[in-house]
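So the sequence shown is numbered by the working numbering: it starts at 137 and just counts up by one.
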Amino acid sequence: MDEKIKHLEFLQNVITRMNSNSFLIKGWTITLVSALFALASKDSNVNYVLVSYIAIPVFWVLDGFYISQERQYRDLYAEVAAKLETEIDFNMNASGYCKGDRTWIAGVFSQTLIQFYGISIATTLIVMFLIN
């Protein structure tokens with residue numbers, strides 16, 4: 137049973153790391169967009185706000201990657217949890233689960249990311265028009 141528990145711990149560590157990366161990406165998005173808003177309002181220059189239209193989609197796609205990876209490793213975790221002790225092989229390859237809602241594109245268009253980054257883009261639009 138020790139091998140199975142150790143394998144599950146390895147997988148849980150990867151899942152936790154993907155989740156942490158996704159959280160950090162969201163934090164960096166808010167930080168960068170807020171800094172661009174501050175620069176734009178200080179100089180009354182809309183060009184700073186326009187940079188956020190590049191940054192937000194880049195962070196959105198990267199966040200979608202981490203979400204898809206996390207989902208794939210969750211599926212691998214469930215498979216390993218269902219295995220017998222003698223079947224444990226310490227496989228960490230989750231690429232076989234890249235189907236359906238586990239793909240990178242599905243991660244980008246997940247409900248939570250659409251809401252988060254959609255609100256970020258909408259806020260950027262509003263700020264851009266308020267500065268003008």
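We treat Cβ as the ideally placed atom computed from N, Cα and C, and that holds for glycine.
DSSP places V150 inside the alpha helix (DSSP H), whose first and last residues are D138 to D179.
Given a length threshold of 4 residues, each whole run of the alpha helix (DSSP H) inside the region 194-251 is given here in chain order: 240-244. With fewer than 16 neighbouring CB atoms inside 10 Å of its own CB, E139 falls in the exposed class. By the C-beta criterion, the region 189-203 is judged not to be in contact with the region 219-236, since fewer than 3 inter-stretch pairs fall below 8 Å. In this structure, DSSP gives V263 a helical state, which the three-state scheme calls helix. Apart from sequence neighbours up to five positions away, the residues of its chain that approach G243 with a beta-carbon distance below 6 Å are G200, I203 and S204, ordered along the chain.
In the structure shown, V185 falls within a helical segment according to DSSP collapsed to helix, strand and coil. Its Cα nearest to that of M228, the residue Y209 stands out among F245, Y209, A214 and R238. Around I224, the same chain offers E139, K140 and H143 as residues with beta carbons nearer than 6 Å, after the five sequence neighbours per side are excluded.
Closest in alpha carbon position to V263, among N181, N157 and T152, is N181. Distance from the CA atom of Q251 to the CA atom of C234, rounded to whole angstroms, is 23 Å. With fewer than 16 other Cβ atoms from the protein chains shown falling within 10 Å of its own Cβ, M137 counts as exposed. Closest option to E206, judged by alpha-carbon separation, among V216, S156 and V169: S156.
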